[in-house]
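Heads up: the sequence lines are chains G and S, in that order.
Position 47 (the first sequence) corresponds to 47 in my numbering; numbering is contiguous.
In my numbering, each residue carries its 1-based index in the second sequence increased by 304.
Virtual Cβ for every residue (Gly too), placed ideally from N, Cα, C.
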Amino acid sequence: MTTLTFEAPADPILERRRQIQGVAQASLNRRKTYSKIAIGVCWAFLAVAIVPLVGVVAYVLIKGLPAWNADFFTQVTEPEGIPGGGVWNAIVGTAVIGAIATAAAVPIGLLCGLFLAESDGRIAGAIRFTADVMTGVPSITIGIFGYIAIVSHTKQFSGLAGAFAIGIIMLPVIMRAGETAIRGVPFHLNEAALALGARRATVARRVVVPAAMPGIITGVLLAVARGLGETAPLLLTIFGNQYLQWNPTKPMEALPLVIYNNSSQPYADLIQVAWGAALLLVVVVLALSIGSRVLAAVLQREKR
Amino acid sequence: MTTTETPRLGTAKRGGRLAVPNGAYRGLLAAVAVIFVGLVLWFVISIIVQAKPAFSTLGFSWIVQKTWDPTHHKYGLLPFILGTIETTAIALVLAVPIGLGTALALAYLVPHRLRASLGTAVELLAAVPSVVYGLWGLIVLAPLCRDYLEPFLTSVFGWTGLFNGPNQGVGLLLAGIILFVMVLPTMVAISRDVLAVVPNEQVEGAMALGATRWQVLRKVVIPGARTGLLGGFTLATGRALGETVAVALVIGNTPFIAHSIKSPAATLPSLIVNNFGEATGTELSALFGAGLVLLVIGVAVNATARALVRSTARGGAASVAVA
Numbered sequence: 001m002t003t004l005t006f007e008a009p010a011d012p013i014l015e016r017r018r019q020i021q022g023v024a025q026a027s028l029n030r031r032k033t034y035s036k037i038a039i040g041v042c043w044a045f046l047a048v049a050i051v052p053l054v055g056v057v058a059y060v061l062i063k064g065l066p067a068w069n070a071d072f073f074t075q076v077t078e079p080e081g082i083p084g085g086g087v088w089n090a091i092v093g094t095a096v097i098g099a100i101a102t103a104a105a106v107p108i109g110l111l112c113g114l115f116l117a118e119s120d121g122r123i124a125g126a127i128r129f130t131a132d133v134m135t136g137v138p139s140i141t142i143g144i145f146g147y148i149a150i151v152s153h154t155k156q157f158s159g160l161a162g163a164f165a166i167g168i169i170m171l172p173v174i175m176r177a178g179e180t181a182i183r184g185v186p187f188h189l190n191e192a193a194l195a196l197g198a199r200r201a202t203v204a205r206r207v208v209v210p211a212a213m214p215g216i217i218t219g220v221l222l223a224v225a226r227g228l229g230e231t232a233p234l235l236l237t238i239f240g241n242q243y244l245q246w247n248p249t250k251p252m253e254a255l256p257l258v259i260y261n262n263s264s265q266p267y268a269d270l271i272q273v274a275w276g277a278a279l280l281l282v283v284v285v286l287a288l289s290i291g292s293r294v295l296a297a298v299l300q301r302e303k304r
Numbered sequence: 305m306t307t308t309e310t311p312r313l314g315t316a317k318r319g320g321r322l323a324v325p326n327g328a329y330r331g332l333l334a335a336v337a338v339i340f341v342g343l344v345l346w347f348v349i350s351i352i353v354q355a356k357p358a359f360s361t362l363g364f365s366w367i368v369q370k371t372w373d374p375t376h377h378k379y380g381l382l383p384f385i386l387g388t389i390e391t392t393a394i395a396l397v398l399a400v401p402i403g404l405g406t407a408l409a410l411a412y413l414v415p416h417r418l419r420a421s422l423g424t425a426v427e428l429l430a431a432v433p434s435v436v437y438g439l440w441g442l443i444v445l446a447p448l449c450r451d452y453l454e455p456f457l458t459s460v461f462g463w464t465g466l467f468n469g470p471n472q473g474v475g476l477l478l479a480g481i482i483l484f485v486m487v488l489p490t491m492v493a494i495s496r497d498v499l500a501v502v503p504n505e506q507v508e509g510a511m512a513l514g515a516t517r518w519q520v521l522r523k524v525v526i527p528g529a530r531t532g533l534l535g536g537f538t539l540a541t542g543r544a545l546g547e548t549v550a551v552a553l554v555i556g557n558t559p560f561i562a563h564s565i566k567s568p569a570a571t572l573p574s575l576i577v578n579n580f581g582e583a584t585g586t587e588l589s590a591l592f593g594a595g596l597v598l599l600v601i602g603v604a605v606n607a608t609a610r611a612l613v614r615s616t617a618r619g620g621a622a623s624v625a626v627a
């Protein structure tokens, strides 16, 4: 009887507290379950993303390595059915085109970067925005430009036209990377040099640019890596050439073209060459990207 | 030398091989900037000039006409504009959730000592040339798509009518998938960067209020990075729209409006690259016109993306190069 009277009044405050705790616990459980599911989905998406990306790299390695032999690097392309043959003509083409494009784009790009880093006006802002947009313009339109500007006037596809198009693709990347690197140099270095009586040109050449060198090198190497992998502009400008050609005023071959043209052929030996060329291109591009990071880190450490 | 006037900074005559006056230095920089602006103007104007004959002989309506048949002087661009939009849409439907989930995992869920190396790996993958993705798509993925993915999707979603027609492997679906794989590293790299700059105090504050991990990500991190994420997605859109060779290898290249996700089709860039070799006269001008349409779309998308990314006030050398 006594126990009943103790239980019966059911303290409303205690009851309310229990109710609230129950609701809170339920909410927490629900939120925790929901969180676990959502986080699980994130992990699943990570896995989904890794599979194809690892797949691409793995396939290029597995299919490309068997294509690598001495002939692959020293012989020119052979037509289907004829055994042997390599991509020496494409390696030469890619190297010559890459060298010309880099030699043209780096000085212009760095000076433009210096201009952007030293200007804050409306004009500089517009140029900066233009450069940013140019980094994302569809590369085939730049190939069309190369065709109109060079090929249609010289009446001939040529390595130079390809280098022109690739250089224009590299230019805005170098500009913006150079500007970012130069802006990262502490301004008191500028002030100290100016206070010593140095001219602005001297300050730029002796102080600012050397201090920004790690960032500049990273940017340039990344731009080169990007330029070497471009295919669409080359299709409209260098045309391809199954013979060895060192002369950039003539049609040339390039590694991306070998991959593109061979991959849609029904011949196993040509597809084999495409995989080999893909592996070579990936190795070169990754070496440039990784090299730029390592070099930047080393230079950064030396400066300290 | 009797004058007492103090020379202005940098105007005094001094020897040495670097004795270039400030004016000449500024002049040199300005001249190089003018070269860049000149190149961009030359680029845009030359494409407009070369595309003009197509517009003057065909009027403006050819852009939205349905038939591409050069032997009968029909140069409608609609199939290619639709193809470009459809492949990009398929790529984005896959890339936005998967890219965002991956970026969240890389920025907040993966153990700390793995984050840097995984992040670097993603950035390196963004440097793999698109033609390599195209090769992989055509040789490896196309048979898988034809034999497994397309029959499966047809049996599950066949009732929608989107999966009619034979399983061919190459087509809109495969092109969209290849574009998804190709833009994924770029998207993840940019998203990870903008997610990681959300202030730690906000994350910790939300946790202190009792938010679960997902609630922190959903209510604090994603909203905080919203503009940057949108910019990253838009940049990826721009890359997908303008991609040429990877798409040209796997889309099947037929100049018709696709009636099914499995149909072969063509995009503006693949049209240009496939017909450029033999085109002359009005057809060549029409191809330049297709390039002009592509350029206008590409510039619009990229300008939007840049404006969005810039408003989150970040973007070092790496993210510029990645983009």
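Item to complete: Name the two residues that bound the continuous alpha helix (DSSP H) containing MET306/G.
Response: With chain G running from 1 to 304 in the structure shown, residue 306/G is simply not present.
Item to complete: Inspect the beta-carbon positions of GLY93/G and GLN265/G and report whether they are closer than 8 Å.
Response: Counted from its first residue, the first sequence places residue 93/G at position 93. Counted from its first residue, the first sequence places residue 265/G at position 265. Their beta carbons are not under 8 Å apart, which means GLY93/G does not touch GLN265/G by this criterion.
Practice prompt. Please classify PHE364/S: does DSSP put it in a helix, a strand, or coil?
Written response: In the second sequence, counting from the first residue as 1, residue 364/S sits at position 60. Correct three-state label for PHE364/S: coil.
Practice prompt. Drop a sphere of 10 angstroms on the beta-carbon of ALA625/S, count the other beta-carbons inside from all chains shown, and report buried for 16 or more, exposed for fewer.
Written response: In the second sequence, residue 625/S corresponds to position 321, counting from 1. Confidence is the limiting factor: at ALA625/S the pLDDT is only 37, short of 50, which leaves the residue's position unreliable, though a coordinate-based value still follows. Classification of ALA625/S: buried, given that the 10 Å Cβ count is 16 or more.
Discussion item. Counting only beta-carbon separations shorter than 8 Å, does THR310/S have a partner in chain G?
Written reply: As a first step, residue 310/S is located in the second sequence; it is residue number 6 there, counting from the start. Here the model assigns THR310/S a pLDDT of 43, short of 50, so the residue's position is not dependable and the matter cannot be decided.
Worksheet item: LEU322/S CB to nearest chain G CB: under 8 Å?
Response: Translated into the one-based positions of the second sequence, residue 322/S becomes position 18. Interpretation of LEU322/S is limited by its pLDDT of 44, a score under 50 that renders its predicted location unreliable; the figure taken from the coordinates is listed afterwards. The beta carbon of LEU322/S sits closer than 8 Å to some beta carbon of chain G.
Discussion item. Measuring alpha carbon to alpha carbon, tell me which residue in THR77/G, PRO52/G, ILE39/G and ARG16/G is nearest ASP269/G.
Written reply: Residue 269/G sits at position 269 when you count from the first residue of the first sequence. Per the Cα distances, THR77/G.
Worksheet entry | Buried or exposed by the 16-neighbour rule on C-beta atoms within 10 Å, applied to LYS63/G | In the first sequence, the residue the question calls residue 63/G occupies position 63. With 16 or more other Cβ atoms within 10 Å, it is buried.
Worksheet entry | Sequence-distant residues of its chain with Cβ nearer than 8 Å to GLY542/S (five each side left out) | If you number the second sequence from 1, residue 542/S lands on position 238. Residues of the same chain with a CB within less than 8 Å of the CB of GLY542/S, apart from the 5 flanking positions on each side, are GLY602, VAL605, ASN606 and ALA609 in chain order.
Practice prompt. Measure the alpha-carbon distance for VAL294/G versus VAL209/G and round it to whole angstroms.
Written response: Looking up residue 294/G in the first sequence gives position 294. Looking up residue 209/G in the first sequence gives position 209. Cα to Cα, the separation comes out at about 19 Å.
Worksheet entry | Identity of the residues DSSP links to PHE239/G by a beta bridge | If you number the first sequence from 1, residue 239/G lands on position 239. Beta-bridge annotation (DSSP): PHE239/G is paired with MET252/G.
Item to complete: May I have the straight-line CA-CA distance separating GLY178/G from PRO256/G, to the nearest angstrom?
Response: Start at 1 with the first residue of the first sequence, and residue 178/G comes out as number 178. Start at 1 with the first residue of the first sequence, and residue 256/G comes out as number 256. Between GLY178/G and PRO256/G, the alpha-carbon positions lie close to 27 Å from each other.
Discussion item. List, in chain order, every chain G residue whose beta-carbon is nearer than 7 Å to that of ILE339/S.
Written reply: Numbered from 1 along the second sequence, position 35 holds the residue referred to as residue 339/S. Correct list: ILE108.
Worksheet item: Would you report the Cα separation of ALA212/G and ASN29/G, rounded to the nearest angstrom?
Response: On the first sequence, residue 212/G is found 212 positions in, with the first residue counted as 1. On the first sequence, residue 29/G is found 29 positions in, with the first residue counted as 1. So the two alpha carbons sit approximately 53 Å from each other.
Worksheet item: THR548/S and SER139/G: beta carbons closer than 8 Å?
Response: Counting from one through the second sequence, the residue named residue 548/S turns up at place 244. Counting from one through the first sequence, the residue named residue 139/G turns up at place 139. Yes, Cβ-Cβ distance for THR548/S and SER139/G is below 8 Å.
Worksheet item: Which residues of chain S have a Cβ atom closer than 7 Å to the Cβ of TYR59/G, listed in chain order?
Response: Counting from one through the first sequence, the residue named residue 59/G turns up at place 59. The answer, in chain order, is TRP440 and VAL444.
Discussion item. Let's test the definition: count the other Cβ atoms within 10 Å of the Cβ of ARG17/G and tell me whether it reaches 16, buried, or not, exposed.
Written reply: Along the first sequence, one-based indexing puts residue 17/G at 17. Label assigned to ARG17/G: exposed.
Discussion item. Counting only Cβ-Cβ distances shorter than 7 Å, please list the residues of the stretch 245-269 of chain G near chain S, keeping chain order.
Written reply: For the stretch 245-269 of chain G, the beta-carbon criterion of a distance under 7 Å to any beta-carbon of chain S is satisfied by PRO256, ILE259, TYR260, SER263 and SER264.
Worksheet item: Can you find a CB in chain G that lies within less than 8 Å of the CB of ARG496/S?
Response: Here residue 496/S corresponds to residue number 192 of the second sequence, with the count starting at 1. It does not; no Cβ of chain G falls within 8 Å.
Worksheet item: In the DSSP assignment, what residue or residues form a beta bridge with ALA594/S?
Response: Here residue 594/S is taken as the residue at index 290 of the second sequence, counted from 1. None, per the DSSP bridge assignment.
Worksheet item: Is the shortest distance between the beta-carbon of ALA607/S and the beta-carbons of chain G less than 8 Å?
Response: The count along the second sequence starts at 1 and reaches residue 607/S at position 303. It does: the Cβ of ALA607/S has a partner Cβ on chain G nearer than 8 Å.
Worksheet item: Within the chosen definition, does the stretch 95-113 of chain G reach the stretch 171-191 of chain G through at least 3 CB pairs nearer than 8 Å?
Response: The stretch 95-113 of chain G is in contact with the stretch 171-191 of chain G.
Worksheet item: With C-beta atoms as the reference, is PRO248/G less than 8 Å away from PHE239/G?
Response: Counting from 1 along the first sequence, the entry for residue 248/G is found at position 248. Counting from 1 along the first sequence, the entry for residue 239/G is found at position 239. In this structure, PRO248/G sits away from PHE239/G, with a CB-CB distance that is not shorter than 8 Å.
Discussion item. Can you look up THR556/S in the DSSP assignment and give me helix, strand or coil?
Written reply: For this step, residue 556/S is matched to residue 252 along the second sequence. One detail in the question is off: residue 556/S reads as Gly in this sequence, not Thr. Per DSSP, reduced to three states, the secondary structure at GLY556/S is strand.
Fill in: Interface residues of chain G facing ASN326/S [CB-CB closer than 8 Å]
For this step, residue 326/S is matched to residue 22 along the second sequence. For ASN326/S, the C-beta contacts it makes with chain G under 8 Å involve ARG199, ARG200 and ALA201, in order along the chain.
Worksheet item: According to DSSP, is TRP440/S helix, strand or coil?
Response: The count along the second sequence starts at 1 and reaches residue 440/S at position 136. DSSP places TRP440/S in helix when its eight states are reduced to three.
Discussion item. I need the boundaries of the alpha helix (DSSP H) containing TYR59/G, first residue and last residue.
Written reply: Numbered from 1 along the first sequence, position 59 holds the residue referred to as residue 59/G. Segment 12-64, the alpha helix (DSSP H) holding TYR59/G.
Item to complete: Go ahead and label SER421/S buried or exposed: buried means 16 or more other beta carbons lie within 10 angstroms of its beta carbon, across all protein chains shown.
Response: In the second sequence, the residue the question calls residue 421/S occupies position 117. Under the 10 Å beta carbon count, SER421/S is surrounded by fewer than 16 other beta carbons and is classified as exposed.
Discussion item. Less than 8 Å between the beta carbons of ALA101/G and ALA163/G, yes or no?
Written reply: Position 101 of the first sequence, counted from the first residue, corresponds to residue 101/G. Position 163 of the first sequence, counted from the first residue, corresponds to residue 163/G. Yes, the pair counts as a contact, with Cβ atoms nearer than the cut-off.
Item to complete: Using a Cβ-Cβ cut-off of less than 9 Å, give me the residues of the stretch 16-31 of chain G that come near chain S, in sequence order.
Response: Residues LEU28 and ARG31.
Item to complete: Note down, in chain order, every chain G residue with its Cβ under 8 Å from the Cβ of LEU553/S.
Response: Taking the first residue of the second sequence as position 1, residue 553/S is located at position 249. What LEU553/S touches in chain G: TYR260, SER263 and SER264.
Item to complete: Report yes if the CB atom of ALA550/S is closer than 8 Å to the CB atom of THR558/S, and no otherwise.
Response: If you number the second sequence from 1, residue 550/S lands on position 246. If you number the second sequence from 1, residue 558/S lands on position 254. Contact flag unset, no.
Discussion item. What are the residues in the stretch 65-82 of chain G lying within 9 Å of chain S by C-beta distance?
Written reply: Correct list: empty, as no residue qualifies.
Discussion item. Can you check which of these residues, PRO568/S, ALA594/S, THR538/S and PHE560/S, is closest to LEU612/S by C-alpha distance?
Written reply: In the second sequence, the residue the question calls residue 612/S occupies position 308. The residue with the shortest Cα to Cα distance from LEU612/S is THR538/S.
Worksheet item: Is it the case that the Cβ atoms of LEU116/G and LEU221/G are separated by a distance below 8 Å?
Response: Here residue 116/G corresponds to residue number 116 of the first sequence, with the count starting at 1. Here residue 221/G corresponds to residue number 221 of the first sequence, with the count starting at 1. No, the Cβ-Cβ distance between LEU116/G and LEU221/G is not below 8 Å.
Worksheet item: Can you find a C-beta in chain S that's less than 8 Å from the C-beta of TRP43/G?
Response: Start at 1 with the first residue of the first sequence, and residue 43/G comes out as number 43. Closer than 8 Å to some Cβ of chain S, the Cβ of TRP43/G qualifies, so yes.
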